[in-house]
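Top line first, the protein sequences correspond to chains A and B. Residue 183 in our numbering sits at position 183 of the first sequence, and the numbers go up by one each step. Residue 265 in our numbering sits at position 23 of the second sequence, and the numbers go up by one each step. The beta carbon of each residue, even a glycine, is placed where N, CA and C say it ideally should be.
2 protein chains.
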Amino acid sequence: MEADETDLDRHPHPHLAVDVALLTLHERALHALLLRRDAAPFAGAASLPGGFVHIDESLPDAVVRVLREKCGLHGVFVEQLFTFGDVGRDPRGRVVTVAYYALVPVAALAAARATGELTLCRLDVPWPQTQGGPVRALDANGKPLRLAFDHDVILGTTVQRLRGKIDYAPVGFELLPPQFTLLDLLEVHQAVLGCPINKDSFRRRLLASGLLAPTGRLRANVAHRPAALFRFRRKGRGKGHA
Amino acid sequence: MEADETDLDRHPHPHLAVDVALLTLHERALHALLLRRDAAPFAGAASLPGGFVHIDESLPDAVVRVLREKCGLHGVFVEQLFTFGDVGRDPRGRVVTVAYYALVPVAALAAARATGELTLCRLDVPWPQTQGGPVRALDANGKPLRLAFDHDVILGTTVQRLRGKIDYAPVGFELLPPQFTLLDLLEVHQAVLGCPINKDSFRRRLLASGLLAPTGRLRANVAHRPAALFRFRRKGRGKGHA
DNA sequence: AAAATAGTGTCTATGAGACACTATAGT
DNA sequence: ACTATAGTGTCTCATAGACACTATTTT
Numbered sequence: 001m002e003a004d005e006t007d008l009d010r011h012p013h014p015h016l017a018v019d020v021a022l023l024t025l026h027e028r029a030l031h032a033l034l035l036r037r038d039a040a041p042f043a044g045a046a047s048l049p050g051g052f053v054h055i056d057e058s059l060p061d062a063v064v065r066v067l068r069e070k071c072g073l074h075g076v077f078v079e080q081l082f083t084f085g086d087v088g089r090d091p092r093g094r095v096v097t098v099a100y101y102a103l104v105p106v107a108a109l110a111a112a113r114a115t116g117e118l119t120l121c122r123l124d125v126p127w128p129q130t131q132g133g134p135v136r137a138l139d140a141n142g143k144p145l146r147l148a149f150d151h152d153v154i155l156g157t158t159v160q161r162l163r164g165k166i167d168y169a170p171v172g173f174e175l176l177p178p179q180f181t182l183l184d185l186l187e188v189h190q191a192v193l194g195c196p197i198n199k200d201s202f203r204r205r206l207l208a209s210g211l212l213a214p215t216g217r218l219r220a221n222v223a224h225r226p227a228a229l230f231r232f233r234r235k236g237r238g239k240g241h242a
Numbered sequence: 243m244e245a246d247e248t249d250l251d252r253h254p255h256p257h258l259a260v261d262v263a264l265l266t267l268h269e270r271a272l273h274a275l276l277l278r279r280d281a282a283p284f285a286g287a288a289s290l291p292g293g294f295v296h297i298d299e300s301l302p303d304a305v306v307r308v309l310r311e312k313c314g315l316h317g318v319f320v321e322q323l324f325t326f327g328d329v330g331r332d333p334r335g336r337v338v339t340v341a342y343y344a345l346v347p348v349a350a351l352a353a354a355r356a357t358g359e360l361t362l363c364r365l366d367v368p369w370p371q372t373q374g375g376p377v378r379a380l381d382a383n384g385k386p387l388r389l390a391f392d393h394d395v396i397l398g399t400t401v402q403r404l405r406g407k408i409d410y411a412p413v414g415f416e417l418l419p420p421q422f423t424l425l426d427l428l429e430v431h432q433a434v435l436g437c438p439i440n441k442d443s444f445r446r447r448l449l450a451s452g453l454l455a456p457t458g459r460l461r462a463n464v465a466h467r468p469a470a471l472f473r474f475r476r477k478g479r480g481k482g483h484a
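See the structure below:
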């Protein structure tokens, strides 16, 4: 950062955007909220909601604006993911995008999906464990959608990040309604990790984590013993490092 | 990303830079390679090596160029850290920076430090565990240096990332020469984590990890039983998820 | 009562911490 | 021989998986 601003403005510099991989849980599977592009490039393809960063707007502010304007959402969990800056990633010119991911309970999307060309698309993760790589988004018939730009990679990076994080950070709760059972939470973890989880030790681990606050209420209208409903307790006791 | 480029160029857009937190291990402590700023703003303060991203250059390419031009380094371990975009972070105007961190063995810096105003500064991490926050850089007398921009936060984020990563990813090796003993590696981990580590289980864990290749050679010129020298074996067998 | 899931108690396997003991270099 | 660190073997403790058993709701 040696040159001053007057020097800089003589040269063209990259455009800066934010894109949001908005994930939720639907029918026990990860879904992404995508929108259908009308204009070129990638007309007809699906893309993440995104937008250019204004000159007087922080990156999180830009994300909040995009979520409000394009999805009608507010107050959702958002975290920075990665910045994608390959020279050829946008055929219109040089656009570097700071990708964020957002997690919401599917119920919060009811209003958003009614508005415009937003679609909830099931994700098909073609790699195991924490390996990584691009991810497919499927339409209602289970056929892979064409994804604009490098958005398949951004979605893949999101899943990879979630898989690495869910075991030690309280992110699973963001995909659930305020009250949920232990089985609900287990199914979130299974959907994210893409593999079955031991039920017994999951129960013990989560109950011991201090992240669950009992509500005293039970799940209603089930044809068997009802499960206890919990609430997410922010600020679990800091787990010291071994 | 709805508007096309001709629309965009009518509006001023943020400048884009990369900054590199280059860390190494020296005297059993984490050090950062900083350079002294001559010009305003923050004249006289220490800053991370960095530079603006050219229009036809990817982000990793920009980092490689910065490391070469400003530090005389090449072939070092580099990873993207986080993107910092607060509106007021650069008094000259709107500059968003994609921060990277680099890890090098201290021996690789001999040439770099001779060139120009680069200084190796000991880091003082004022927070425990993986808590996070800004970090201080100390001069040769142990006094805190003034750090330019938000570079104290970038350095803090780097330490936080390393602490979270060193237990399951092979990053410690990047701070060591090609051949090293188990005690060398343990001291790297202790410097990064900022707390003592159990020697016995560290040995067992690392030997079982498949990341160490025995060289058959021994550390020479020590006044006690010499330790075996190991080499880092890339691509340890993938550890399956539980 | 039957079906189905919730929740408890206990045994076992694995990995980390602790520590005693042996090994091998320089002085 | 002495000192200092390298390296081995074993005991204990904490946690995860496995599984048997009990509990509680609707039909």
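Identification of chain A residues near B:THR325 by a Cβ-Cβ cut-off of 8 Å yields LEU59, GLN80, THR83 and VAL98, ordered along the chain. For A:PRO91, the CB contacts under 8 Å within the same chain, skipping 5 residues up- and downstream, are PRO41 in chain order. At least 8 Å separates the beta-carbon of B:VAL338 from that of B:ALA304. Contact check between the region 262-274 of chain B and the region 287-304 of chain B: three or more CB pairs, one atom from each, fall below 8 Å, which counts as touching. At a C-beta separation below 8 Å, A:HIS151 has no neighbours in chain B, since its nearest C-beta there lies roughly 10 Å away. In the three-state reduction of the DSSP assignment, A:GLN131 falls in the coil class, being assigned neither a helical nor a strand state. Identification of residues in the region 425-439 of chain B having a C-beta nearer than 8 Å to some C-beta of chain A yields LEU435 and CYS437, given in sequence order. Restricting attention to alpha helix (DSSP H) runs no shorter than 4 residues, the region 19-78 of chain A encloses them at 59-71, ordered along the chain.
Membership of B:PHE472 in the beta strand (DSSP E) is indicated by the continuous run 470-474. Taking a contact as a CB-CB distance under 8 Å, the pair A:LEU182 and A:ARG203 counts as one, their CB atoms being some 6 Å apart. In the DSSP assignment, A:ASP152 falls within the alpha helix (DSSP H) that extends over 151-165. With contacts defined as CB atoms closer than 8 Å, B:LEU258 and B:PRO347 fail to qualify as a contacting pair. The C-beta separation of A:PHE84 from A:ASP150 comes to about 6 Å, placing the pair in contact by the 8 Å criterion. If the five residues before and after A:ARG68 are omitted, its C-beta is found closer than 7 Å to the C-beta atoms of HIS74, all from its own chain and listed in chain order. Taking C-beta atoms as the reference points, B:PRO368 and B:ARG378 count as a pair closer than 8 Å. Judged by DSSP in its simplified three-state form, B:HIS257 adopts strand. Neighbours of A:ASP86 in chain B, taken as residues at a C-beta separation under 7 Å, are given in chain order as SER300.
A direct Cα-Cα distance of roughly 10 Å separates B:GLY436 from B:GLU429. Comparing alpha-carbon positions, the option among B:ASP442, B:ALA353, B:THR372 and B:LEU264 lying closest to A:TYR168 turns out to be B:THR372.
In its chain, beyond the 5 residues on either side, no residue has a beta carbon closer than 6 Å to the beta carbon of B:HIS296. For B:LYS441, the number of other beta carbons within 10 angstroms of its own is below 16, and it is reported as exposed.
Across the region 285-297 of chain B, CB contacts with chain A closer than 7 Å involve GLY292, GLY293, PHE294, VAL295 and ILE297, in sequence order along the chain. For secondary structure counted as the alpha helix (DSSP H) over 4 or more consecutive residues, the region 320-370 of chain B holds these complete runs in sequence order: 352-356. Rounded to whole angstroms, the separation of the alpha carbons of A:ARG146 and B:LEU380 is 52 Å. B:ARG336 places its beta carbon less than 8 Å from that of B:PRO256. For B:ARG336, the closest Cβ of chain A is nearer than 8 Å. In terms of beta-carbon proximity, A:LEU16 lines the interface with chain B, with at least one pair separated by less than 8 Å. At a cut-off of 8 Å, the C-beta of B:PRO420 has no neighbouring C-beta in chain A. For B:ALA433, the enclosing alpha helix (DSSP H) stretches over residues 424-435. Secondary structure at A:LEU145: coil, using DSSP grouped into helix, strand and coil. The Cβ atoms of A:ARG233 and A:ALA213 lie closer than 8 Å to each other. Using a Cβ-Cβ cut-off of 9 Å, B:PRO376 is close to nothing in chain A; its nearest Cβ partner there is about 18 Å away.
The beta carbon of B:PRO254 sits closer than 8 Å to some beta carbon of chain A. According to DSSP, residue pairing for A:LEU138 in a beta bridge involves A:ARG122 and A:PRO144.
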